[in-house]
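Notes follow once the structure below has been shown.
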Amino acid sequence: MMLLVDPRSATPPYEQLRVQVLAAVRSGDLAPGDKLPTVRKLAEDLGLAANTVARAYRELERDEVIETRGRNGSFIAASGNAAQQQVQAAAVAFAGKARQLGVLPEEALAFARAALGIRS
Numbered sequence: 001m002m003l004l005v006d007p008r009s010a011t012p013p014y015e016q017l018r019v020q021v022l023a024a025v026r027s028g029d030l031a032p033g034d035k036l037p038t039v040r041k042l043a044e045d046l047g048l049a050a051n052t053v054a055r056a057y058r059e060l061e062r063d064e065v066i067e068t069r070g071r072n073g074s075f076i077a078a079s080g081n082a083a084q085q086q087v088q089a090a091a092v093a094f095a096g097k098a099r100q101l102g103v104l105p106e107e108a109l110a111f112a113r114a115a116l117g118i119r120s
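Once you know that position 87 of the sequence shown is 87 in the numbering used here, the rest is easy, because the numbers rise by one and skip nothing.
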């Protein structure tokens, strides 16, 4: 997997890295158990500060996309794509709340589309 950072982008470098790792997990380019480069190695390869890469890794770990195994390094989490699992759980909670409040499915979907910025 090739990670790139665009220094001219308005998006901070750590966020560029985080998004690229997420995309690689979603596409299957990175699978559960795949090892990521060390923070220092990736920082060196990309010409970034180690703290920048460390922040991307911390946020990915917080979101359960990667797991750090001490001195063994960082790996794609065994749970796979945690982001999709979290969104699915949120959708289930949303649907349950809509039913509880007596909101029709079509209305609930309209609210979800609006929240996502989808114009239908």
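Glycine is no exception: its CB is placed at the ideal position from the N, C-alpha and C atoms.
In this text, all values refer to a predicted model and were calculated from it rather than measured experimentally.
Contact belief for residue i with residue j at Cβ below 8 Å, rounded distance in angstroms
i: G47; j: F75; result: The Cβ separation is near 24 Å, so there is no contact.
Reference residue i; option with closest CA among the options
i: K41; options: L109, L104, Y57; result: Y57
i: V87; options: T11, R69, L116; result: L116
i: E44; options: E15, A31, V5, G28; result: V5
i: R55; options: P13, E106, A110; result: P13
i: R26; options: T11, Q84, V92; result: Q84
Paired residues, beta bridge with residue i - DSSP
i: I76; result: I66
i: K35; result: F75
Residue i versus residue j: straight-line alpha-carbon distance, rounded
i: A114; j: L17; result: 29 Å
i: M1; j: Q100; result: 45 Å
i: A108; j: A98; result: 6 Å
i: A24; j: G70; result: 23 Å
i: P7; j: E15; result: 12 Å
i: D29; j: E106; result: 36 Å
i: L104; j: L3; result: 44 Å
i: A110; j: L22; result: 27 Å
i: D63; j: V92; result: 19 Å
i: A10; j: V19; result: 14 Å
i: G102; j: A90; result: 18 Å
Under 8 Å between C-beta atoms of residue i and residue j
i: A50; j: V39; result: yes
i: G73; j: L36; result: yes
i: A78; j: F94; result: no
i: T68; j: E61; result: yes
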